[in-house]
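The working numbering runs 1133 ahead of the 1-based position in the sequence shown. Scroll down for the structure; my scribbles are underneath it.
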Amino acid sequence: MIETRILPATEDSITEAARILSAGGLVVFPTDTVYGVGAHAFQPQAVEKIYAAKIRPRDKAIPLLLATPDDLSLVVESVPPTAHLLAERFWPGGLTLVLRKRAVVSTAVSAGPTVAVRIPDHPVTQALIAALGAPLAATSANLAGNPSPVTAQEAVEELRGRIELVLDGGPCPGGVPSTVLDLTTDPPTILRPGAIAEEDIRAVLGTESLS
1134 MIETRILPAT EDSITEAARI LSAGGLVVFP TDTVYGVGAH AFQPQAVEKI YAAKIRPRDK
1194 AIPLLLATPD DLSLVVESVP PTAHLLAERF WPGGLTLVLR KRAVVSTAVS AGPTVAVRIP
1254 DHPVTQALIA ALGAPLAATS ANLAGNPSPV TAQEAVEELR GRIELVLDGG PCPGGVPSTV
1314 LDLTTDPPTI LRPGAIAEED IRAVLGTESL S
């Protein structure tokens, strides 16, 4: 069992969280939807710990959280113009884009040729990614199949002894998850309806329909 610490989300604790992530550990943090559990995206062994901590099926890829749209080039093979348009309109916020991944994105993150990316609209998450200096591989901070936690205490109850640190940033809004849009298909495909409406995406892309 791992000793799990809970700290208020301050500049010092975010620095400590980044240190833990850099060393291959797991950290729980608030996002604009629910509390997430994250690992350094470029450390496959750290990402593997997320599956173990959550008892998560291995066939479920783990999304990456970015600090800025410029970070797309770190993890994506090529950034299509549509991705730039959508990022400018909806990031930070509730839109996840699926794009072709670079080789640096390990099979621990995604076994296939694509990767899901998003910029969350939460200052703690953004500060943590910036302090880490790398994208976060992150998913909800719950045991697989359980409700997603919206408070630090709920996350602790789920993952105590499985992660090193919880950043308590207060309650998350919960509610609707991000819309997941696959930009590797023509036309783009909505894989999961969510916070961003299809008609708003179509308006940005100038297309009459999505598949």
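Just so you know, even glycine gets a beta-carbon here, dropped at the ideal spot from N, CA and C.
Look at the alpha carbon of R1138 and the alpha carbon of S1281, and state the distance between them as a whole number of angstroms.
For R1138 and S1281, the distance between alpha carbons rounds to 20 Å.
Between which two residues does the beta strand (DSSP E) containing D1315 stretch?
Per DSSP, D1315 belongs to the beta strand (DSSP E) from 1312-1315.
Alpha carbon of I1252 to alpha carbon of L1228, nearest angstrom:
Cα-Cα distance, rounded: 8 Å.
Verify whether the separation of the beta carbon atoms of V1242 and P1177 is less than 9 Å.
V1242 is a Cβ neighbour of P1177, given a cutoff of 9 Å.
DSSP three-state call for R1222: helix, strand or coil?
The answer is helix: DSSP assigns R1222 an H, G or I state.
Per-residue DSSP class, three states only, for A1186
A1186 falls in the helix class under three-state DSSP.
So what does L1300 bridge to, in DSSP terms?
Answer is L1140, bridged to L1300.
I1188, buried or exposed, once every other Cβ within 10 Å from all chains shown has been counted against 16
I1188 counts as exposed, since fewer than 16 other C-beta atoms from the protein chains shown sit within 10 angstroms of its C-beta.
Rounded to the nearest angstrom, what separates Y1168 and L1324 at their Cα positions?
Cα to Cα, Y1168 sits roughly 22 Å from L1324.
What first and last residue would you give for the alpha helix (DSSP H) that runs through P1163?
Taken as a continuous stretch (DSSP letters only), P1163 belongs to no alpha helix (DSSP H), being part of the beta strand (DSSP E) at 1160-1163.
State the CB to CB distance for the pair L1197 and A1151, rounded to an integer number of angstroms; the pair is presumed to be in contact (CB under 8 Å).
16 Å between Cβ atoms; not a contact.
Taking the alpha carbon of E1332 as the point to measure from, which residue in L1219, V1289, V1257 has its own alpha carbon closest?
For the residues L1219, V1289, V1257, the minimum Cα distance to E1332 belongs to L1219.
Run through DSSP, which three-state label would L1292 get?
The answer is helix: DSSP assigns L1292 an H, G or I state.
Give me the residue from P1268, A1260, F1223 with the minimum Cα distance to V1313.
Cα-wise, what sits closest to V1313 is F1223.
Selected residue, minimal CA-CA separation from T1340, among L1300, G1327, P1320:
Measuring from the Cα of T1340, the nearest candidate turns out to be P1320.
Can the beta-carbon of L1205 be found closer than 9 Å to that of L1316?
The answer is no: Cβ separation not under 9 Å.
How many whole angstroms separate the CB atoms of G1294 and D1254, which I take to be in contact at a CB cut-off of 8 Å?
Not really, about 30 Å apart at Cβ, beyond 8 Å.
A1172 vs I1262 beta-carbon contact at 9 Å
Contact flag unset, no.
Going by DSSP in three states, R1325 sits in which element: helix, strand or coil?
In this structure, DSSP gives R1325 an extended state, which the three-state scheme calls strand.
If I'm right that A1267 touches F1175 with Cβ under 8 Å, what's the distance once you round it to whole angstroms?
At roughly 6 Å, the Cβ-Cβ gap stays under 8 Å, so A1267 and F1175 are in contact.
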